[in-house]
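J.:
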Amino acid sequence: MPEISYRQAIKDALAEEIERDENVVIIGEEVAQYNGAYKVTEGLLERYGPKRIVDAPISEAGFIGMGIGASMLGVRPVMELMFWSFAYVAWDQMINNAGCVRYMSGGLINVPIVIRGPANGGTNVGATHSHTPENLIANMPGLKVVCPATPYDAKGLMKAAIRDNDPVYVMESTLLYGTTGEVPEEEYVIPLGKADIKREGTDVTIVCHGPSVPVALTAAQILKDEHDIEAEVVDLRSIRPLDEDTIIESVKKTNRAVLVEENRPFCGVDAQIAYTIQNKAFDYLDAPVQRVSTIDAPAIYSPAVEPEQLPKASTVVEKVLGIM
Amino acid sequence: MTAKTTPKKRVKPATSNLAKEAKLPINKGLSKEEQIGFYRDMVRIRRFEERSLRVYQQGKIGGFLHLYIGQESIAVACASLMGDHDHMITAYRNHGHALAVGMNMNECMAELLGKATGCSKGKGGSMHFFAPDKNYWGGHGIVGGQIPLGVGLAYGVKYKGQTGSAMAFMGDGAINQGAVHEAYNLAALWDLPAIFIIENNGYSMGTSQERSSSHPAEGLAARAEGYGMAWENINGESLFAIRDGVGRAIKRAHEESKPTVLEIHTYRYQGHSVADANAKKYRTKEEIDDYRKNHDPLNVYRLYLLDQKIMSEDEMKEIDSEAKQEAEVAAQFADESEFPTAESITEDVYWEADNPDQRTSEGRLFFND
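Line order of the protein sequences matches chains Z and S.
First residue of the first sequence? That's 22 in the numbering used here, and the numbers climb one at a time after it.
First residue of the second sequence? That's -10 in the numbering used here, and the numbers climb one at a time after it.
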C-alpha cells in the first residue's frame, strides 16, 4: 500500500469527488491560483478549472453563507476555511443557517455542504488562530463534525462528508498535513460515526481525536516500554455522530479510561465522553475517568511555552499511572 | 479628500402615477385578469395578516408576529415576475412573500399557531415560512443573515447554467450588517444574477433610517456604487413602478448575469412586530395617517383600477369578502389542527435520521439520555 501524506490524502479525496459528481465545487481563500494556503488543493485549479476550484475573497460570512445557499439548490460546495479559528466571523451562517434551516423548514430544505480546514494549536500563532471548535459544533443538532488524524482516515472521511446530505464540518490539523501513512489505491469511504482502535490494549483505554491521537499513541508506547502497561487507543474520528459502542466496549475490557483532547476542559468533547462512560460502564470502572485537555486559557504565543499548554504524552502517562 | 456632510434624510421618490406607469413596457401587455389578480393577491395578504393579528391578540400565536401590512405591493409585484429559475429569499417579515409565491393561507396560519399542518410542521413559526417547490427559500430570523444565502441561490443558478435570478429581500435595518456587504461584493465580483431588494419602511425596529444609516444623498441603494453595481430607487406605493424596476433587474440578471440593488420605498403601519409596544412613540400619528391615506399601495392600486374601470366597487367587495372568508377558513383550519407530537421534536434535524434506509453513517446522532 502506498504511503502518502495527510495533505495528499485530502487532495485525492477532493479530486475523486470532483470527478464523481459534477455538483462538487471547492471554494475558499487561496485554494485556486495560490494552490492552497497549506497546499491541500495544489494543482486542482490546473486539473479542473475555475468553475470547480474557486478563489474567494477574505469574506468568510459572505462566501460560507453563499455556499450554504448554493447547497440548498443542490450544489455540493466544499468550503475551505484557512483556519477553523476564522469560523467565528461566519458563525451566524454556519450555525443559524446551515444548522437550522432543515429544521425550521420542517425538513423541506437540505444543506449538503462541507466546511473544512485546520483546527489545532501548537504552531505559535496565538490565541486567535489556535481554536479547536469541534465541541462547539457538536453542541449544534443538525450539524456533523469529524476530526481525522491519519491520511487513511482523512481521505475516507472526507469522501463520506462530501456525499453526506447533511452539513459536515471537517477539522484537520496543520501539524498533521505533513504526516504520512498507508492509503490504498482502490476507492474506499469511511462512514461517519465509526471510531477506530488505533492501538489494541488491555489495561487502560485512552480516548482521543484529531491532533491528540499522536499524543495518545506516543503515551501508549511509553506506557508499554517503561511501565509494561498495554493501553488501548480509541480514536473517535467522528464527534457527531458519535460511536459510543466502541468506547464502551473498550472500557468494559480495560476498566479504566483516560480522555485526551485539544479542547479546553470545560464543556470539551471529553466532558460528554466521560458522562457516557460513567452512564454506560459504571460497574466496569476500577478508577475515576481522567482527562487531559489543553490548559484552560487562551492559546499562549510563546514558542517555548505553548507545548506546555497542549496535551502532552507525559501528562497522559502520569494520568494513566495515577489510576493503575 | 474631505468627506461630504452626510445627508441622512430618507429619500422618497415622487408621487406615483399608476395610469402612466401602467403604460411602461413591462406593464402595458397586462391583461385585465392579470391586473385583477394583483389586486386579489394584495388583498389576500392584507386580510390574512389582519386575521392573524386577531389570532395573536387571542393569545394563540407565540413569540413574534411581524406584519407586512402596507408593503404588499412589493411581494406581489416581484412574485409576478418570477420564472422557472427565479428565486426569492427574505427576512422575518415574510408572510406576504409566502402568499405571493402561492403558499396557501391554511399552511401559513397553521404555522403561526405552531400546528403540525403548518408549512414548517410548526417548527419554524412566523419568521420561518419556506416553499422550495415554489422557489421560495424563507423566511429568516437574523437581520441580514439571509443575504449571503440569496447570493448562494444566484451562484447555484449560474453554476447550473440556468437563466434565472435570486431576489434577496431585506429591510432598511439590514443594510448595515457586514454579511450584506460581503454578499454585495461577492455578487458583483463574480457577476452573479442576484437582485438585492431593500424594502425601506423607514425604521429598523424603533430606529429611524436617519438615526441608523450613513449613505449617499441618493439613498441606501446608492451604496451599490461602491461595489460597481447597478441600483435604482423605486416608489413602493406603485405596483407598476416596482414591476418596472424589478423587471429591469431581472433582465440584467438573465441576460448579463449581473447583480442589482433596488431600494423600494414603503411603510409599515403596525409595529416592528406585534409585540412592539412603542410602535407609535418613535414616529408620529400624523406620519402613519399620511401613509395610510395617501400612499397605501393597496388603496393607490384600488383607485387606479376604479379610475380605469378595470374593476367595479362591487367586484372589489367580492374579492375582499372572499379573502376575508379564506382567512377565516384558515384560522379555523389552524385552530382545529393538531399540534406536533413531542416525538417530532427530533425529526427534520438530520436528513440521515429521517431517511434511515439510506443512512450511511453510524453512531449516535442525538444525545437525549
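For glycine and all other residues, C-beta sits at the position ideal for the given N, C-alpha and C.
Nothing here was measured: the structure is a model prediction, and the numbers come from that model.
Ignoring anything shorter than 4 residues or poking outside the region 124 to 195 of chain Z, list the alpha helix (DSSP H) runs there in chain order.
T.: Taken in chain order, the whole alpha helix (DSSP H) runs of length 4 or more contained in the region 124 to 195 of chain Z are 155 to 159, 172 to 184.
J.: Give the straight-line distance between the Cα atoms of Y258 (chain S) and G59 (chain S), rounded to the nearest whole angstrom.
T.: The C-alpha of G59 (chain S) is placed about 6 Å away from the C-alpha of Y258 (chain S).
J.: With distances taken Cα to Cα, identify the nearest neighbour of E251 (chain Z) among Z:V234, Z:K274, Z:S151, Z:V310.
T.: Z:K274
J.: Less than 8 Å separating the beta-carbons of L66 (chain Z) and I74 (chain Z)?
T.: yes
J.: Buried or exposed: where does N186 (chain Z) fall if 16 or more other Cβ atoms within 10 Å of its Cβ makes it buried?
T.: buried
J.: Under three-state DSSP, which class holds P98 (chain Z)?
T.: strand
J.: For G178 (chain S), which residues in chain Z fall below 8 Å Cβ to Cβ?
T.: Note on identity: in this sequence residue 178 (chain S) is Leu, with Gly being the wrong assignment. Residues of chain Z with a Cβ closer than 8 Å to the Cβ of L178 (chain S) are, in chain order, P78.
J.: What number of angstroms, rounded off, separates the C-alpha of D73 (chain S) from the C-alpha of S246 (chain S)?
T.: 16 Å
J.: Have a look at H362 (chain S) and H55 (chain S) and give me their C-alpha separation to the nearest angstrom.
T.: Look at the range of chain S in this structure, -10 to 358, and you will see that residue 362 (chain S) is not part of it.
J.: Between the alpha carbons of G90 (chain Z) and I184 (chain S), how many angstroms are there, rounded?
T.: 14 Å
J.: For R36 (chain S), which residues from the same chain have a beta carbon less than 6 Å from its beta carbon, with the 5 sequence-adjacent residues on both sides left out?
T.: A312, K313, A316
J.: Once you ignore the five residues that flank T201 (chain Z) on each side, which residues in its own chain have a CB closer than 8 Å to its CB?
T.: E24, I25, S26, Y27, P172
J.: Among Z:P235, Z:H150, Z:T195, Z:Q242, which has the Cα closest to the Cα of V281 (chain Z)?
T.: Z:P235
J.: Which term fits S203 (chain S), buried or exposed, when burial requires 16 or more other beta carbons within 10 angstroms of its beta carbon?
T.: exposed
J.: What does the alpha-carbon distance come out to for the pair A140 (chain Z) and S151 (chain Z)?
T.: 7 Å
J.: Please report the Cβ distance between G88 (chain Z) and M103 (chain Z), rounded to the nearest whole angstrom; I am assuming they are in contact, meaning their Cβ atoms lie under 8 Å.
T.: Wrong, their Cβ atoms sit about 15 Å apart, outside the cutoff.
J.: Tell me whether E51 (chain Z) sits in a helix, a strand or coil according to DSSP, three-state version.
T.: coil
J.: Relative to the alpha-carbon of E352 (chain Z), which residue among Z:D307, Z:K176, Z:R285, Z:N276 has its alpha-carbon at the smallest distance?
T.: Residue 352 (chain Z) is absent from the structure shown; chain Z starts at 22 and stops at 345.
J.: Using a beta-carbon distance below 8 Å, is A82 (chain Z) in contact with chain A?
T.: Although the question refers to chain A, the structure presented lacks it and instead comprises the protein chains Z and S.
J.: Between the alpha carbons of G141 (chain S) and G86 (chain Z), how many angstroms are there, rounded?
T.: 7 Å
J.: Tell me, please, whether the CB atom of A91 (chain Z) is closer than 8 Å to any CB atom in chain S?
T.: yes
J.: Using C-beta distances below 8 Å, list every residue in its chain close to T196 (chain S), excluding the 5 sequence neighbours before and after it, in chain order.
T.: G162, Y271
J.: For D337 (chain S) and chain Z, any beta-carbon pair shorter than 8 Å?
T.: yes
J.: Quick one: which chain S residues come within Cβ less than 7 Å of R312 (chain Z)?
T.: The contacting residues do not exist; R312 (chain Z) stays about 19 Å from chain S at best.
J.: Within 10 angstroms of the Cβ of R29 (chain S), are there 16 or more other Cβ atoms? Answer buried if so, exposed if not.
T.: buried
J.: Identify the residues that DSSP records as bridge partners of H254 (chain S): which are they?
T.: S:N189, S:N224
J.: Residues of chain Z with a CB under 8 Å from the CB of A168 (chain S): which are they?
T.: Residues of chain Z passing the Cβ test: A82, G83, G86, D113, Q114.
J.: Taking A108 (chain Z) as the reference, which of Z:N156, Z:E81, Z:G95, Z:L244 has the closest Cα?
T.: The shortest C-alpha to C-alpha distance from A108 (chain Z) to any of Z:N156, Z:E81, Z:G95, Z:L244 is the one to Z:E81.
J.: Say whether chain S places a C-beta atom closer than 8 Å to the C-beta of M103 (chain Z).
T.: no
J.: Count the other C-beta atoms from every protein chain shown that fall within 10 angstroms of the C-beta of E137 (chain S), then say buried if there are 16 or more, exposed otherwise.
T.: Residue 137 (chain S) is actually Pro in this sequence, not Glu. Buried: at least 16 other Cβ atoms inside 10 Å.
J.: Spell out the partners DSSP gives Q311 (chain Z) in its beta bridges.
T.: Z:V279
J.: Taking the beta strand (DSSP E) that S26 (chain Z) falls in, what are its first and last residues?
T.: It spans 24 to 26 - the beta strand (DSSP E) in which S26 (chain Z) sits, taken as one unbroken run.
J.: Starting from H378 (chain S), find everything on chain Z with Cβ-Cβ shorter than 8 Å and list it in chain order.
T.: There is no way to answer for residue 378 (chain S), as the model of chain S reaches only from -10 to 358.
J.: Using the C-alpha atoms, what's the distance from I260 (chain Z) back to Y296 (chain Z)?
T.: 14 Å
J.: Hey, does P162 (chain Z) have any beta-carbon neighbour from chain S nearer than 8 Å?
T.: yes
J.: Run through the DSSP bridge pairs and tell me what E253 (chain Z) is partnered with.
T.: Z:T226
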